[in-house]
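Chemist:
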Amino acid sequence: MPNIQTKALKLRPLPLTYEGVTFEAIAEGSRGESLLLTHTEGRTFLLRIIRRKEDFLIKSDKLTRPSPVTIIQKALDAFAKAHQLELTFSNIESTRSKHHLVKSGNYLKSISWFATQFKTEKEIWVEVGFGSGRHLLHQAKAHPQIQFIGIEIHKPSIEQVIKQCKIQKIENILIADFDARVFLELLPSNSVGRLFVHFPVPWDKKPHRRVISRSFVDEAIRVLRPEGTLELRTDSDNYFQYAFETFMELQQNDLHIRKNARIEVSSKYEDRWKRMEKNIYDLTLVSHTLSKPAEPIETLRFDRFIPFLEVQKRFKSETFRGEDYFVHFEESYRISDEEGLIRLSFGAYEKSEHKYLLFKDNKIQYFPNDTISVRQNFKAHQKIEEFLYAQHRQS
Numbered sequence: 002m003p004n005i006q007t008k009a010l011k012l013r014p015l016p017l018t019y020e021g022v023t024f025e026a027i028a029e030g031s032r033g034e035s036l037l038l039t040h041t042e043g044r045t046f047l048l049r050i051i052r053r054k055e056d057f058l059i060k061s062d063k064l065t066r067p068s069p070v071t072i073i074q075k076a077l078d079a080f081a082k083a084h085q086l087e088l089t090f091s092n093i094e095s096t097r098s099k100h101h102l103v104k105s106g107n108y109l110k111s112i113s114w115f116a117t118q119f120k121t122e123k124e125i126w127v128e129v130g131f132g133s134g135r136h137l138l139h140q141a142k143a144h145p146q147i148q149f150i151g152i153e154i155h156k157p158s159i160e161q162v163i164k165q166c167k168i169q170k171i172e173n174i175l176i177a178d179f180d181a182r183v184f185l186e187l188l189p190s191n192s193v194g195r196l197f198v199h200f201p202v203p204w205d206k207k208p209h210r211r212v213i214s215r216s217f218v219d220e221a222i223r224v225l226r227p228e229g230t231l232e233l234r235t236d237s238d239n240y241f242q243y244a245f246e247t248f249m250e251l252q253q254n255d256l257h258i259r260k261n262a263r264i265e266v267s268s269k270y271e272d273r274w275k276r277m278e279k280n281i282y283d284l285t286l287v288s289h290t291l292s293k294p295a296e297p298i299e300t301l302r303f304d305r306f307i308p309f310l311e312v313q314k315r316f317k318s319e320t321f322r323g324e325d326y327f328v329h330f331e332e333s334y335r336i337s338d339e340e341g342l343i344r345l346s347f348g349a350y351e352k353s354e355h356k357y358l359l360f361k362d363n364k365i366q367y368f369p370n371d372t373i374s375v376r377q378n379f380k381a382h383q384k385i386e387e388f389l390y391a392q393h394r395q396s
């Protein structure tokens, strides 16, 4: 990822706007690093400034990293010029040459948009973790009457697919940069015809991070139309066995298994596995369930503001654990007595959220995007409110 390095750095007074980039505020952490609240091209994100023994490293913060990567390059370039930095290292130009400017247009949508605005009369097909996008693009071109949703968290893959959509004039794909295990809860019941999970990361050492789980399968059955299919394709013997056992936990199922079957289009990973003569397994679960309509899902909000300092004075890294959810307060970053950020993770154990709480402009909000009110998130949100406002009452 793009980054710059310099021996010396003296920040100019903030807020500061330079070449279309606004550096709004600096939040100081306790471990020799700071977060710079940055805004450009309609996106707000953080640059991370790390003070090392002999120099400074400036790069994008992972949790808030925008897409496309050219936004980060623009921000780093403006920061270096605005502060007249003598750079000892920069890979902005080298990464810029690899990433032509790709605007997200009408393809990449926020999670709050899907939660509150997404509507379609078309049948929906979903691909989880589309990677290079070869399969997703092929299916979308072959079935223009279908509304496709591609779910992916790898930013370069997202940019690549958006670029190809524009080149090939494909207009029936929407993209969500979000955890697929949570995303399904946003979709209407009985709305999805096919749900593709092709070559997911096996996570043999961290099985709780796998896409396929009993809760995911239950949610898949809810969103699938009668005769709709959940289609897993994997080269992992362990994942195949795990998924088979998970599917067989269902009271009733219609499960089809194939080995080394040919499909219309293969991914680059599949091509690699074939060259290595690895086995490839297909598990297709057919739904015969007509599910009840789901309750509308809202986004979570904090109803009142408290000064950041009142929280930071008592802040410590700690974890609260419930039966099916947790909250882990990780680090705090101070802008002023009133404003700052808290980095935290929370939600269900097997599908946690990683975000900041942003205290700014007399409100508290999740950052960089909204948090949807699925069951475990709601419980975690209540615990976060209890922590924040209990501390406030004690001051």
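Here this note's numbering is used: the sequence shown runs in plain steps of one and ends on residue 396.
A virtual CB, placed ideally from N, CA and C, is assigned to each residue, including glycine.
1) Just verifying my parser: in three-state terms, what is the DSSP assignment at S131?
2) From this set, A381, V312 and S267, which residue's C-alpha is nearest T320's C-alpha?
3) Measure how close the beta-carbons of P69 and E153 come, nearest whole angstrom, since I'm counting them as under 8 angstroms.
4) Applying the criterion that 16 or more other CB atoms from any shown protein chain within 10 Å of the CB defines a buried residue, is N378 buried or exposed?
5) Let me know the beta strand (DSSP E) ranges lying completely inside the stretch 138 to 189, each 3 residues or longer, listed in chain order.
6) Output yes or no for whether 8 angstroms exceeds the beta carbon distance between L284 and I258.
7) For the pair the stretch 79 to 95 and the stretch 3 to 15, tell me if three or more CB-CB distances fall below 8 angstroms.
8) Would you kindly work out how many angstroms separate the C-alpha atoms of G134 and L345, rounded to a whole number?
9) Which one or two residues does DSSP pair with D255 in a beta bridge?
10) Give the list of continuous alpha helix (DSSP H) stretches no shorter than 4 residues that lie fully inside the stretch 204 to 274.
11) Quick check: what's the CA-CA separation for E122 versus N173?
12) Does the Cβ-Cβ distance between I72 and E42 come in under 8 angstroms?
13) Does Q148 pass the burial test, meaning 16 or more other C-beta atoms within 10 Å, or should it be called exposed?
14) Shortest alpha-carbon distance to K8 belongs to which of L64, S337, T18 and A81?
15) How big is the Cα-Cα spacing for E34 and I59?
16) Could you tell me whether the stretch 162 to 179 touches the stretch 137 to 145, using the rule of 3 or more Cβ pairs below 8 angstroms?
17) Return the CA-CA distance between I51 and S31, expressed in angstroms with no decimal places.
18) Can you list, in chain order, the stretches of the beta strand (DSSP E) that have 3 or more residues and sit fully within the stretch 306 to 376?
19) Can you give the Cα-Cα distance for L36 and H329, rounded to whole angstroms?
20) Is it a yes or a no for the stretch 265 to 272 touching the stretch 298 to 317, going by three-plus beta-carbon pairs under 8 angstroms?
21) Residue ranges of each beta strand (DSSP E) run of no fewer than 3 residues wholly in the stretch 5 to 60, ordered along the chain?
22) Is DSSP giving K82 helix, strand or coil here?
23) Nearest to R276 by alpha carbon, out of N261, V287, H289 and T290?
Modeler: Here's the rundown:
1) Looking up residue 131 in the sequence shown gives position 130. Strictly speaking, residue 131 in this sequence is Phe, with Ser absent from that position. F131 falls in the coil class under three-state DSSP.
2) As a first step, residue 320 is located in the sequence shown; it is residue number 319 there, counting from the start. For T320, the nearest C-alpha among the options comes from A381.
3) Taking the first residue of the sequence shown as position 1, residue 69 is located at position 68. Taking the first residue of the sequence shown as position 1, residue 153 is located at position 152. The Cβ separation is near 13 angstroms, so there is no contact.
4) Along the sequence shown, read from residue 1 onward, the residue named residue 378 stands at position 377. It is buried - the Cβ of N378 has at least 16 other Cβ atoms within 10 Å.
5) 148 to 152 and 174 to 177
6) Taking the sequence shown and counting its residues from 1, one reaches residue 284 at position 283. Taking the sequence shown and counting its residues from 1, one reaches residue 258 at position 257. The answer is yes: Cβ separation under 8 angstroms.
7) yes
8) Residue numbering aside, residue 134 sits at position 133 when the sequence shown is read from its first letter. Residue numbering aside, residue 345 sits at position 344 when the sequence shown is read from its first letter. The alpha-carbon atoms of G134 and L345 are separated by roughly 31 angstroms.
9) To locate residue 255, count along the sequence shown from 1; it is residue 254. D255 is bridged to V287.
10) 215 to 224 and 238 to 249
11) Position 121 of the sequence shown, counted from the start, is the residue given in the question as residue 122. Position 172 of the sequence shown, counted from the start, is the residue given in the question as residue 173. Rounded to whole angstroms, E122 to N173 spans 13 angstroms at the Cα level.
12) Residue numbering aside, residue 72 sits at position 71 when the sequence shown is read from its first letter. Residue numbering aside, residue 42 sits at position 41 when the sequence shown is read from its first letter. Contact: yes.
13) For the purposes of this step, residue 148 is taken as the residue at position 147 of the sequence shown. When all chains shown are included, Q148 counts as buried.
14) Locating residue 8 in the sequence shown gives position 7, where the first residue counts as 1. When each option's Cα is compared against that of K8, the closest is A81.
15) As a working note, residue 34 is residue 33 in the sequence shown. As a working note, residue 59 is residue 58 in the sequence shown. Rounded to the nearest angstrom, the two C-alpha atoms are 10 angstroms apart.
16) yes
17) The sequence position of residue 51 within the sequence shown is 50, counting from 1. The sequence position of residue 31 within the sequence shown is 30, counting from 1. Taking the straight line joining both Cα atoms gives about 11 angstroms.
18) 319 to 322, 327 to 335, 341 to 349, 352 to 361 and 364 to 368
19) Numbered from 1 along the sequence shown, position 35 holds the residue referred to as residue 36. Numbered from 1 along the sequence shown, position 328 holds the residue referred to as residue 329. Distance between the alpha carbons of L36 and H329 is about 20 angstroms.
20) no
21) 17 to 19, 22 to 29, 34 to 41 and 44 to 52
22) Taking the sequence shown and counting its residues from 1, one reaches residue 82 at position 81. Correct three-state label for K82: helix.
23) Here residue 276 corresponds to residue number 275 of the sequence shown, with the count starting at 1. Of N261, V287, H289 and T290, the residue nearest in Cα terms is N261.
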